[in-house]
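Going left to right, the sequence shown walks through residues 195 to 474 as the numbering used here numbers them. Each remark here refers to the structure printed beneath this line.
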Amino acid sequence: MYRTLIHTARLADAAAASIQAAIPGRLEPRGGHWLLRHERPAERETVEVLRRSLRLDINPLPPGFVGAAVGLLVTDMDSTLIAIECIDELADRAGQRQAVMAITEAAMNGKLDFVQALQRRVALLRGLPVSVLQAVYAEKVVLNPGAESLVAACRRHGVRIGLVSGGFDFFVDRLKDRLGLDFALANRLESRGGFLTGRIEGPICGGAEKAGFLLALCGQLGLVPQNSIGLGDGANDAKLLGVAGLGVGYRPKPALRAVADAVIEYADLAAIADFLEDAR
C-alpha cells in the first residue's frame, strides 16, 4: 500500500475528486492534513500536475518511510528556516548587493560550484566592520512562517533538530540559541581588527559537509539515516536531502526540486510536521 500526504486541513470536494481520479485510493482526514492510501505508486508527473492545478502540496511518501520513527531533522538556514540570504544582506552593507546576489542565485540553481561561489562572495565583504553582522541579525533575520510551529512539533515527537548552513555561524549560533535547537554547523567569517578579511576561517561547509553532518548526527544519536529528514531550498542541499530518509524541498530551486522526495511550495514550514505522523 502506498501513501500520499495532502498538506491542507480543508480539502474541497472538487479537489478530493481530482486527486482520487488521478491517484485512485482512500482519503483519510488526519487533523491538519489528509492521507491518501493507494494500491499503485503515484507517477511524479501526475503529482506535479495536481500540485500546480490545485495549488496544494501533495507528497507521496517513499516506501518504508515511517514518520513515527523519525528522530532527527536537519534543516538549512538561508531561505529555508529564515526568509533571507544573510550574505546578500551583508553585501548590501558593503555596497556589493547586486554582485553577490547574482552569484548566490547561480550557486543555488546549481550553475556555479558552491565553494568557489562562496569564496567569491565572501571576498566582496572584505573591509566590512564585524559589527554589521549583529545589525543584520537584529534588523533583517526573520523566521519563515511556521518555523516555530515546526520546532514545537519536533519537540512533541521527540525529534532532535540540527541547523546547518553554507552561510555563517554568527547567524546559525544565534538562531540555535533562540529556538532551542540541538546541533549547528556553518562557516566562520575570518576577521582582524574588527573587520572582515574576505576569507572563511577553517574548513568550508558545503553540500558534502551538510550531508556528512546529518550522517554524523545519526551515528551520535543511534539512528539509521532512514529515520531522518533533510530540509533545504537550493542545489547545495541536494546531498543533504539525498542521505536523509526523507528529503524535503521548501520553496525549492529547480535543481533541488528535481531530486527532492517531497516539496512544500504552498504551505508554510509547519507542514513539515505532517511527515512526523505515523501513517502506516
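Backbone N, C-alpha and C fix where the C-beta goes; we use that ideal spot for every residue, glycine too.
| said: Along the chain, where does the alpha helix (DSSP H) containing threonine 298 start, and where does it finish? | reply: 291-302
| query | What's the gap between the Cα of valine 336 and the Cα of arginine 372? | reply | 12 Å
| query | In chain order, which beta strand (DSSP E) runs of at least 3 residues are fully inside the segment 381-455? | reply | 389-395, 422-426, 440-444
| query | What do you reckon, are the CB atoms on cysteine 348 and leucine 425 nearer than 7 Å? | reply | no
| said: Residues in the same chain with beta-carbon distance under 6 Å from glutamine 420, minus the five sequence neighbours each way, listed in chain order, please. | reply: Gly439
| Where aspartate 468 falls, given that 16 or more other Cβ within 10 Å makes a residue buried | buried
| said: Taking the alpha-carbon of arginine 451 as reference, which of Glu342, Leu390, Phe377, Asn430 has the nearest alpha-carbon? | reply: Asn430
| message | So, for glycine 304: in the same chain, excluding its five sequence neighbours on each side, which residues have a beta-carbon less than 7 Å away from its beta-carbon? | response | Ala429, Ala449
| request: Give the DSSP-derived three-state secondary structure of threonine 198 in the structure shown. | output: strand
| field | proline 223, buried or exposed, once every other Cβ within 10 Å from all chains shown has been counted against 16 | value | exposed
| For threonine 269, the residue or residues it bridges with in DSSP | Leu357, Leu425
| Can you pull the DSSP bridge partners for valine 457? | Gly443
| Given isoleucine 355, which residues of its chain have a CB within under 6 Å of its CB, disregarding the five upstream and five downstream residues? | Leu267, Cys348, Leu375, Asp376
| field | Among Ser359, Gly289, Ala203, the one whose alpha carbon lies nearest that of methionine 302 | value | Ser359
| task | Locate the beta strand (DSSP E) running through glutamate 222, then write down its first and last residues. | result | 220-223
| According to DSSP, which residues form a beta bridge with phenylalanine 138? | Nothing can be reported for residue 138, as the shown portion of the chain is limited to 195 through 474.
| task | Go ahead and pull the three-state DSSP assignment for arginine 320. | result | coil
| request: Find out if the Cβ-Cβ distance for the pair leucine 463, alanine 263 is shorter than 7 Å. | output: no
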